[in-house]
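In the working numbering, the protein residues as written are 1029 to 1217.
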Amino acid sequence: MSVISLAFTLKSASQLAVTLFGSNLCRYICTGILDQDPLEMYFSCVRQRGGWNKSPSASEFRHAYRRTLVHAAVGGSQNGNVTPQLESIMLARNQGTSNSTCDEDSDEAADPEAAVVPAALDHDYLAVTTFASEVVKYIGCFVVRTVTRHLHCAECAGLPVSTSITSVLTLLKDNGGLIEPSHFVHALA
């Protein structure tokens, strides 16, 4: 415990004692639980996430706070009267704990592929939105440009390139350096 945190702890304990003893609410305070080292350690983590900035702004603190929550895998209470809006945010980091609830004698434990097949079939991987398709075509422009730089055969270099612009996003964002990918490249992506 540093001298500064000891001073804050003693000041807090003395103010708490004056308040509680003055109103005859209690006669004894267990000061062992009033240690502020965990709070100081948390703020050192926030300062560490902010780099050299010792006084983070509100948005920097919010991002550092969220990152420490995800890093510690802190989840919401199951006993509350509200449901969390973003349960998937806690999937970002696994602390090495197994979430498996199946027993050793179950069929899923005997055949691990049996649990994977329904999970893979519950999502339609082929249905792509128009926005996602446009973004893939736009990214394909950069891929085609990079690939054609390394191809020495003129016929091979012309294969991934399209002569007509089919992407609206590419048309809007093109400043003259993008190469339109062919339908073959878009189908691969």
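C-beta atoms are modelled at their ideal positions from N, C-alpha and C, and glycine is treated no differently.
Residue i vs residue j beta-carbon contact at 7 Å
i: P1188; j: S1210; result: yes
i: I1032; j: A1045; result: no
i: R1177; j: I1207; result: no
i: R1095; j: R1077; result: yes
Span separating the alpha-carbon of residue i from that of residue j
i: F1170; j: A1100; result: 38 Å
i: V1163; j: F1036; result: 54 Å
i: Y1070; j: H1091; result: 14 Å
i: L1038; j: T1047; result: 14 Å
i: Q1043; j: F1049; result: 10 Å
i: S1087; j: S1040; result: 29 Å
i: F1089; j: Q1106; result: 26 Å
i: T1158; j: S1083; result: 44 Å
i: G1204; j: S1072; result: 48 Å
i: V1175; j: S1085; result: 43 Å
i: L1216; j: G1186; result: 16 Å
i: P1180; j: V1074; result: Per the sequence shown, residue 1180 should be read as His rather than Pro. Answer to the nearest angstrom: the Cα atoms are 51 Å apart.
i: D1133; j: V1098; result: Here the model assigns D1133 a pLDDT of 47, short of 50, so the residue's position is not dependable, and the following value carries that caveat. D1133 and V1098: Cα-Cα distance of roughly 34 Å.
i: T1198; j: S1192; result: 11 Å
Option in the options with minimal Cα separation from residue i
i: I1167; options: V1196, L1038, R1055; result: V1196
i: H1214; options: L1200, T1194, Q1076; result: T1194
i: K1201; options: S1190, C1184, L1216, K1165; result: K1165
i: F1212; options: E1068, L1053, S1190, S1085; result: S1190
i: L1034; options: A1182, E1068, G1186, L1199; result: E1068
Three-state secondary structure (DSSP) of residue i
i: C1054; result: coil
i: A1092; result: helix
i: S1083; result: coil
i: A1041; result: helix
i: Q1106; result: coil
i: A1225; result: The displayed coordinates of the chain run from 1029 to 1217. Any statement about residue 1225 would go beyond what the structure contains.
Problem - Ordered list of alpha helix (DSSP H) runs contained in the stretch 1158–1214, each at least 4 residues - result: 1158–1178, 1182–1186, 1196–1201
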